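Novice: Numbering (my numbering), first residue to last: 3 to 197.
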Ligand code: SF4
Ligand code: SF4
């Protein structure tokens, strides 16, 4: 996929603290040592389909192109295969940077519109956070409603077959001690904020 060229940005529009935040999020201080050799992009099996290659993402994070990076498809197409991280001559943990960018984008509510992967990630997180367990049938249904509503009628016969075989539970699942789960998550989130 060709990179989407956007309008010229002025230095005052960039976010100079973005790189610092992503370094803290990903635990990858060597990010600033990138020499733009492009090894990560050539090692990445998915760079062909990305709007920005991994090399460009690292460069844009460093320079503070926050909106462009967070709304790119690249971070959601990353399959976490670690090929880039293994090959990087500067030991930059590019995969962890991608993870950090996904978490950041979900937190900020910024992602490509109607792109299913971030919507699924957010649904997954919110459901597990609330109920402690995921009910696949409801998750898939809500994913389609939010990203591909026109395809729902075409899925109805499959849904009906799954329902008849007991593979499409209508009752949302959940753990018993949800209060305990909330307490654990609150501690984890507090630690993330202070990290
Ligand atoms: S392989 Fe490492 S040093 Fe080379 S461009 Fe990618 S991140 Fe930068
Ligand atoms: S971890 Fe992600 S960015 Fe790195 S090579 Fe694999 S798919 Fe590409």
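For glycine and all other residues, C-beta sits at the position ideal for the given N, C-alpha and C. Note that the structure is predicted; figures quoted are calculated from it, not measured.
Over what stretch of residues does the alpha helix (DSSP H) that includes residue 55 continue unbroken?
Specialist: Looking at the DSSP string, residue 55 is not in any alpha helix (DSSP H), and its letter there is neither H nor E.
Novice: Where does residue 130 fall in DSSP's three states?
Specialist: Helix, per DSSP.
Novice: Would you mind listing the alpha helix (DSSP H) stretches within the stretch 73-148 that are 4+ residues and don't spill past its ends, in chain order?
Specialist: Counting whole runs of 4 or more residues, the stretch 73-148 contains the alpha helix (DSSP H) stretches 76-79, 85-89, 96-110, 118-133.
Novice: Taking only three categories from DSSP, how would you classify residue 180?
Specialist: Helix.
Novice: Does the distance from the C-beta atom of residue 121 to that of residue 152 stay below 8 Å?
Specialist: No, Cβ-Cβ distance for residue 121 and residue 152 is not below 8 Å.
Novice: Using a Cβ-Cβ cut-off of 6 Å (strictly less than) and excluding sequence neighbours within five positions of residue 32, which residues of its own chain qualify?
Specialist: Cβ neighbours of residue 32 beyond the five flanking positions: 92, 93, 94.
Novice: Leaving out five residues on either side along the sequence, give the residues of the same chain with a beta carbon under 7 Å from the beta carbon of residue 84.
Specialist: Same-chain partners within the cutoff: 97.
Novice: If we ignore side chains and look at the alpha-carbon of each, how far apart do residue 51 and residue 78 end up?
Specialist: Each residue's alpha carbon lies about 11 Å from the other.
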